[in-house]
Structure formats: structure tokens, C-alpha cells
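>
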Amino acid sequence: MNITGVLLAVVVVGGVGLFIGLFLGIAAIKFKVEVDEKEEAVLAALPGNNCGGCGFPGCSGLAAAIAKGEAAVNACPVGGEPVGKVIAGIMGVEAGESVRMRAYVQCQGDCDKVTLDYEYSGIEDCRMLSFVPNGGAKSCSYGCLGYGSCVKACPFDAIHVENGVAVVDKEKCKACGKCVEACPKNLISLIPYDAKYAVACSSKDKGPVTMKACSAGCIGCQLCKKNCASEAVEITDFNATIDYEKCVSCGACAGKCPRKSIVNI
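Going letter by letter, the sequence shown gives residues 1 to 265 in UniProt numbering.
#1: For residue 143 and residue 214, which I take to be in contact (beta-carbon distance under 8 Å), what is that distance rounded to the nearest angstrom?
#2: Looking at the unbroken beta strand (DSSP E) that takes in residue 189, where does it start and where does it end?
#3: Whole angstroms is fine: what's the gap from residue 119's alpha carbon to residue 147's?
#4: What distance in whole Å lies between the Cβ atoms of residue 108 and residue 263, which are believed to be in contact at a cut-off of 8 Å?
#5: Kindly indicate which three-state DSSP category residue 116 falls into: helix, strand or coil?
#6: Taking only runs of the beta strand (DSSP E) that begin and end inside the stretch 25-110, which ones reach a length of at least 3 residues, in chain order?
#7: Which partner residues of residue 241 appear in the DSSP bridge assignment?
#8: Taking a contact to mean a Cβ-Cβ separation below 8 Å, would you say residue 242 touches residue 199 in this structure?
#9: Flag this pair as yes or no: are the beta carbons of residue 73 and residue 88 separated by less than 8 Å?
#10: Within 8 Å, do at least three Cβ pairs link the stretch 34-52 to the stretch 17-26?
#11: Sort out for me which residues DSSP pairs residue 165 with in a bridge.
#12: Output the distance between the C-alpha atoms of residue 95 and residue 84, rounded to the nearest integer angstrom.
#13: Is the distance from the Cβ of residue 233 to the Cβ of residue 201 below 8 Å?
#14: Since residue 175 and residue 103 should fall inside the 8 Å C-beta cutoff, what is the C-beta to C-beta distance between them, to a whole number of angstroms?
#15: Drop a sphere of 10 angstroms on the beta-carbon of residue 77, count the other beta-carbons inside from all chains shown, and report buried for 16 or more, exposed for fewer.
#16: Are three or more beta carbon pairs between the stretch 148-156 and the stretch 172-191 nearer than 8 Å?
#17: So, at 8 Å on beta carbons, what are the nonlocal neighbours of residue 167 in its own chain, with the 5 sequence-adjacent residues on each side left out?
#18: Would residue 98 and residue 70 qualify as a contact pair, given that the criterion is a beta-carbon distance under 8 Å?
#19: For residue 199, list the residues DSSP reports as bridge partners.
#20: Where does residue 173 fall in DSSP's three states?
#21: Just confirm the distance between the C-beta atoms of residue 192 and residue 221, as a whole number of angstroms; I'd bet it's less than 8 Å.
#22: Taking only three categories from DSSP, how would you classify residue 214?
#23: Can you tell which of 228, 58, 224 has the C-alpha that lies nearest to the C-alpha of residue 239?
#24: Comparing C-alpha positions only, which one of 46, 136, 110, 12 sits nearest to residue 121?
#25: Ordered along the chain, which non-local residues of its own chain (more than five positions away) have a Cβ less than 6 Å from that of residue 145?
#26: Under three-state DSSP, which class holds residue 138?
#27: Could you pull out every residue in the same chain whose Cβ sits closer than 8 Å to the Cβ of residue 100, ignoring the five residues on either side in sequence?
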């Protein structure tokens with residue numbers, strides 16, 4: 001074996017290794033990405049669900065926005081007020097007041113209350129039913145289809161279909177809004193966690209039509225509105241709505257509703 005050749009090979013390999021090392025070191029310094037310590041701290045404080053309920057692409061997106069002052073410190077619906085206070089401490093600002101929200105399905109047209117126009121047999125996905133007659137087998141074209149697109153979308157196992165209607169477990173709900181986006185009938189909305197009463201119907205049909213379709217449908221009779229001392233109830237398109245900023249949870253609207261469309265939740 002030629003010792004000179006071996007030494008030459010060692011020198012060449014060593015030189016190449018040294019060059020690569022120096023090149024990588026210089027590149028690391030030149031292209032170094034500055035880390036925002038506040039952004040990293042905010043990201044660590046967030047729950048890490050990456051649900052997108054805040055309106056940003058995951059927790060990292062929200063953390064970056066908060067660090068830049070482009071989002072509120074209490075913008076995470078999953079973490080709620082506790083996480084908001086931690087992040088406020090990191091950012092050196094006041095957390096401000098936040099109202100805990102929860103999802104609510106504005107329909108109670110279950111298998112016992114709603115009539116059917118036909119028997120449906122096909123793909124059990126609410127979004128697919130827009131291609132079938134009347135948007136589904138139920139006579140009420142505004143009612144919950146009951147095939148669980150919202151259930152599949154919920155990352156917290158907070159919503160399930162019971163007797164043909166989706167029902168939210170408010171204790172599990174984090175108000176991420178995934179179910180709201182998934183519902184093709186726009187039946188799900190976010191309401192205050194502490195709300196005592198809600199309108200459990202979304203029908204915009206006139207009274208006689210609604211009465212034929214569902215035994216619990218709102219007919220827009222306005223008795224709830226007339227009996228609300230705080231003026232928190234309005235009727236739009238034959239359907240009642242509650243303004244929770246005005247509502248005092250007296251229950252007068254629910255007590256006067258002849259169809260029991262306003263319920264104690």
C-alpha cells in the first residue's frame with residue numbers, strides 16, 4: 001500500500017470536510033431566522049389544537065399575529081379566559097373581558113316532531129343531501145338533516161346526533177366554529193355559554209307551512225316579542241331571534257311561545 005496515497009486521501013477528505021463545515025457555518029449565520037421570543041412564549045401558552053377557530057392557520061399563525069399586535073391576546077376560543085390572561089402577561093397588556101361561547105343547533109325537529117316526505121337511502125353526509133329533492137327527506141327544508149357532518153368536523157367530540165338532530169355538549173364545546181362551517185343548513189351558531197334560552201328553530205316558512213312540517217317549529221306569531229320586557233326578541237322572516245346583549249333570561253318569551261320553539265337550555 002502506498003502511504004503517500006493514503007495520506008493524500010486523508011488530506012483531501014479532511015479538506016473537503018473542513019470546507020463544507022465552514023460553508024454551512026457561514027450559511028447558518030447569513031440565513032439565520034430571528035426568533036421572536038414573545039411569539040415562542042405565546043405559542044407555548046396556546047393549547048395546540050390547531051383548530052383554526054381563531055381565524056388564523058393554527059396556533060402558530062395566531063401566536064405570530066398576537067406577537068405582532070394583529071390579534072387580541074384572548075383570541076383563542078379553546079383556551080378561553082385562562083389562556084388569554086397568560087398571554088396577556090407575556091405581552092404585558094391587559095387581557096380584557098371575554099365571553100365564553102358555545103355552539104348551539106337551532107333545530108329540534110327530531111324524528112318525533114318532524115314529518116317526512118320520503119325515505120332517504122344513500123350517503124350519510126349532510127352536505128351531499130343538497131342534491132336530493134327538498135334538500136333532504138324532512139318536510140322542513142330548514143331543519144337538521146341528522147347525518148352528522150358537524151359531528152365529523154368537531155375536534156372535541158362535543159356534538160352528536162340524537163334522534164335525528166345534532167345536539168351540542170356545551171361542557172365539551174370549545175366554540176372553535178368547525179361545526180358552524182360544516183352545517184350546510186346554517187343551523188349552528190355560537191351563543192354565550194351562560195345563555196338560558198334559545199330559539200330552537202330556523203324555519204323561514206310561513207306559519208301554516210311550518211305547522212304541517214314540524215310540531216315544534218316557529219310560526220312567527222310574535223307573542224314572544226310582545227311579551228319580552230327587555231325588547232330582546234325580534235321576528236325576521238317568520239322566525240324569532242334573541243339579542244343576548246339585551247336578554248335578561250326572564251323566560252317570558254319561552255313561557256308564551258305556543259309552539260315551544262323557544263327552549264330553556
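Heads up, the beta-carbon is just placed ideally off N, CA and C, and yes, glycines get one too.
Looking at the atomic coordinates:
#1: 7 Å
#2: 188-192
#3: 14 Å
#4: 7 Å
#5: strand
#6: 101-105
#7: 234
#8: yes
#9: yes
#10: no
#11: 162
#12: 6 Å
#13: no
#14: 6 Å
#15: buried
#16: yes
#17: 105, 159, 160, 161
#18: no
#19: 262
#20: coil
#21: 26 Å between Cβ atoms; not a contact.
#22: strand
#23: 224
#24: 136
#25: 126, 129, 136
#26: strand
#27: 80, 81, 175, 192, 193, 194
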